Structures are given as C-alpha cells and as structure tokens.
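In what follows, a single structure is set out as structure tokens and then discussed.
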Amino acid sequence: MRWSSSQTLITGVYRSGTEYLSQLLSGHPRLSCTMYHVNALRFVLNRYEPLGERKNLDRALADMNARLGKRYGLSVDADRVIDRMSSSGFSNWAGLYDAVMSELWLGEQKEHWAEKCQLVWREIPQFLREMPNGKAILLIRDPRSVTASFQRFTHAPAPAYLGAVFNSLDALQHAMKFQETLDPARFAAVRYEDLASDPERETARLYKFLGLDPSEARLDPTSWIGETGQKWASNSSFSNGARFDVAASIKRWRDNLDPIDRGFVEAICKGAMEHWRYDSFGPPADWPEILRRVLPDANLTMMLRLALVNGEGTQAFPTDPVDPANWDFSRRVPPAART
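In terms of the numbering used here, the sequence shown is residues 24 to 362.
Have a look at this one:
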C-alpha cells in the first residue's frame with residue numbers, strides 16, 4: 024500500500040489552460056496527474072460531516088463510487104480506502120481525498136498525486152491546512168482569452184458566458200492575495216501565457232516546486248494520454264486538437280472577442296490585469312450596451328453589482344456542476360488507462 028508523498032491541487036477558471044498544464048506535468052514518472060475525477064473539494068467537503076462517523080463515511084464512499092462509475096467508468100475499493108484512513112489517522116475530507124487518490128492512481132513508481140479541479144481556488148487555504156503535505160497551483164489567464172474561449176465552448180445560453188469575466192477577476196485577485204499570504208513553498212501562481220511561451224522553463228519551475236527532479240521528466244506531447252486513455256487532443260475552442268497552436272492561443276482573443284465584450288472585460292478586470300502584466304487595452308466600455316446584455320440575467324446582475332460596489336469577483340459555474348444533468352459522460356477511463 025503506497026502512501027502519497029505530496030498532494031497537489033491544480034485549479035483555475037474554465038478555459039484557462041489547466042488541462043494543458045496537467046498534461047505537461049504528467050510527463051514526470053513520479054507524479055500521477057489527473058483531471059476532475061475525485062474532486063473532493065466539490066463533492067465531499069461539508070457534505071458528509073462528521074466523516075469520523077462510519078455511517079457518513081460509508082455514504083460518502085457509496086456516493087463517490089456511484090458518481091465515478093456513472094461518469095468515468097471508475098470504482099474504488101471502499102474497504103481499502105477505510106483501512107488507509109484508519110492507519111493514517113486522518114478521518115476528515117482530506118484524509119478521504121488522499122486515500123482515494125492514492126488507491127486509484129499511485130503505483131510502483133508514482134508517489135505524488137495532483138488533480139486538476141476547476142473553480143476551487145477559494146478553497147486553496149483549507150486544502151493546504153488540512154492535507155498532510157498539500158500544495159496548490161493556480162493557473163491564471165488573460166480574461167479576454169478566457170471569455171472569448173468560453174463563449175464558444177459553453178452550452179449555457181447567452182449571456183451566461185459573461186460570467187467568465189467575474190470568475191477571471193476572482194482568480195486574478197486571489198492569486199495576488201495568496202502570493203502575499205500563503206507559504207511560497209506550498210502555493211504557486213502561473214500565467215498561462217508564460218507556460219505557453221516557454222513550457223520547458225515553467226514546467227521545470229513547477230517540478231522543483233513539487234519537490235521533483237525536472238531532469239526525470241519527459242516533455243513530449245505526442246505521448247500525452249487523455250482521460251479516456253486515448254491519445255490526447257486539445258479541447259481548444261478555436262482549433263482542431265491535432266492542429267492546436269499553443270503560441271497562437273495567447274492572443275487569439277484579438278480576432279474572436281466582440282468589442283462590447285472586450286470593453287466589459289477590461290472595465291471589470293483592468294486593475295487586476297495590469298498587476299499580472301496584461302495590456303493592450305481598447306476603447307472605454309460601452310456601458311449602455313453592456314447593461315442591455317447583462318441585466319436580463321439575474322445571476323450576472325448580482326455578479327456585476329458585487330464587482331462594481333465591492334470590487335470583488337465570483338467563483339461560480341453558469342450551471343450546477345454537482346447536478347448529473349450537467350456532466351460530460353464522454354470522459355470515461357478504460358482499465359488500460361488506470362495504471
């Protein structure tokens with residue numbers, strides 16, 4: 024029974040490049056880097072308390088196995104997970120998370136795990152407090168790129184895609200805050216643009232942050248495996264996976280973001296964008312047109328009020344990620360991909 028040497032949360036806004044980052048990091052033989060599957064911060068935290076009571080733990084594992092099986096074709100041995108938790112002394116959500124991830128993904132060589140889970144950056148401090156050796160990576164991206172990409176990618180009806188503006192603001196703000204308040208040995212903020220421009224340099228920096236030797240890693244996109252166990256293909260909103268141009272993705276928003284939306288993004292996020300070295304600002308926002316787009320949506324109106332009155336962003340999906348009706352069932356993992 025192998026125990027994890029470290030546990031890492033990778034998070035960011037949707038369409039910010041977290042999948043690309045996860046694939047880059049997966050090239051290290053000692054690190055298991057996966058996406059979405061267990062996501063205890065969303066599906067376990069504060070839902071089965073107290074987890075120290077066996078009936079609650081049994082229910083949490085039963086629900087987890089039902090979700091893993093339905094959504095990904097995965098299952099975890101509940102008895103082995105409980106044995107792990109008993110021997111570790113961790114009976115909370117973090118102990119369950121570590122036990123399940125270790126049971127699913129660690130093997131003879133792999134001793135560290137990382138999981139990409141979107142829109143959970145506000146939970147980073149708790150993750151670091153309660154994991155035995157937790158680390159966190161928050162990937163940020165130009166909010167104009169995020170908004171342009173999400174508009175094309177989301178199934179939520181317009182104007183819900185504009186929620187990307189407020190999520191981006193929140194991620195940028197929390198990245199700034201965490202750099203000032205969290206231990207730099209346990210928290211790292213990464214700009215997607217730096218990662219795309221020089222993946223070898225940024226990946227090596229992150230491996231060192233994770234306590235891994237960069238020289239052992241293999242940066243070879245042709246060997247990347249997707250969640251389904253097949254050859255990885257980018258889920259870019261603008262290009263076929265086989266032809267995905269990472270470098271071009273940095274400025275593609277220039278030709279794909281409506282001028283009204285661009286002005287809106289820049290009006291809401293400008294201060295935080297400047298801090299993170301995003302520039303090329305356009306004309307002032309067209310507020311009458313922006314309000315015509317935003318005000319019919321109650322959720323966006325609430326987010327806008329929060330941003331304008333309090334200067335705060337939002338961490339929220341346009342649809343409920345816990346509701347099975349909103350799940351993507353294409354991401355099933357065959358047995359060959361689980362080793």
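Just so it is clear, CB atoms sit at the ideal spot from N, CA and C, and this is done for glycine as well.
Model, not experiment: these values are computed from the prediction.
Check whether residue i and residue j have beta carbons under 8 Å apart
i	j	result
residue 148	residue 205	yes
residue 58	residue 117	no
residue 336	residue 196	yes
residue 53	residue 132	yes
residue 317	residue 329	no
residue 140	residue 68	no
residue 85	residue 71	no
residue 242	residue 48	no
residue 45	residue 129	no
residue 94	residue 126	no
residue 146	residue 61	no
residue 51	residue 239	yes
residue 151	residue 209	yes
Identity of the residue in the options nearest residue i by Cα
i	options	result
residue 299	314, 125, 212	212
residue 88	144, 112, 119	119
residue 331	294, 342, 306	294
residue 289	191, 226, 44	191
residue 343	274, 142, 324, 97	142
residue 307	34, 282, 72	282
residue 56	279, 229, 273, 196	229
residue 97	133, 196, 200, 124	124
residue 169	321, 40, 26	40
residue 220	25, 296, 43	43
residue 171	73, 37, 338, 322	37
residue 162	218, 284, 321	218
residue 310	291, 296, 303	291
Neighbour-count burial assignment, residue i, 16 or more Cβ in a 10 Å radius
i	result
residue 99	buried
residue 180	exposed
residue 345	exposed
residue 324	exposed
residue 198	buried
residue 158	buried
residue 207	exposed
Bridge partner(s) assigned by DSSP for residue i
i	result
residue 136	30, 55
residue 160	33, 211
4-residue-minimum alpha helix (DSSP H) runs that sit fully inside the stretch 193-224, ordered along the chain: 215-220, all fully within the stretch 193-224.
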